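Residue numbers (this note's numbering): -16 to 123.
1) Please work out which residues of its chain come closer than 6 Å, Cβ to Cβ, to residue 10, disregarding the five sequence neighbours upstream and downstream, and give them in chain order.
2) Is it right to say residue 49 is buried, meaning 16 or more other beta carbons lie within 10 angstroms of its own, or is it exposed?
3) With a threshold of 7 Å on Cβ separation, who are the neighbours of residue 59 within its own chain once the five nearest residues in sequence on each side are excluded?
4) Would you identify the three-state DSSP class for residue -6, choosing helix, strand or coil?
5) Which first and last residues belong to the alpha helix (DSSP H) in which residue 55 is found?
6) To the nearest whole angstrom, what separates the beta carbons of residue 87 and residue 94, a pair I think is in contact under 8 Å?
7) Run through the segment 62 to 119 for me and flag every whole beta strand (DSSP E) of 3 or more residues, listed as ranges in chain order.
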């Protein structure tokens, strides 16, 4: 596997995160319904899944765009691990922000938002060190 030195994560720790990531069980979920569609075009909303690791779960929404990628996960160790694994694959995100509890209906307890290819972070940004610290709790 390719290491991601620009993340500044110890290679041994990064390998432990990747190993834990192989144990994530993914459960497909449906995005919130926006009413009946009248065309045969696919829905243009986020891909919604649940990541389950041990006894914890995290809602994960991803959006693939022509010029970027966005991932939003529930705050918590499993959500942080999912975002960290995306960082290991894609590099440092352009935006890494916390979403406060109650700001988004889908994430009532708060979330972590990462984006690649979008505009830089505005306001309160998370550091990769914060993400690593939270993701450590997902390790066995």
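Using N, Cα and C, we set each Cβ at its ideal position, and we do this for glycine too. Keep in mind it's a predicted model, so treat the numbers as computed, not measured.
The answer reads as follows:
1) Here the set comprises 33.
2) Residue 49 should be labelled exposed.
3) Excluding residues within five positions, the ones whose Cβ falls inside 7 Å are 39 and 41.
4) DSSP places residue -6 in helix when its eight states are reduced to three.
5) Following the DSSP letters along the chain, one finds residue 55 in no alpha helix (DSSP H) but inside the beta strand (DSSP E) bounded by residues 51 to 57.
6) Contact between residue 87 and residue 94 holds: CB atoms are separated by about 6 Å, below the 8 Å threshold.
7) Those beta strand (DSSP E) runs which fall completely within the segment 62 to 119 and span 3+ residues are 78 to 82 and 94 to 99.
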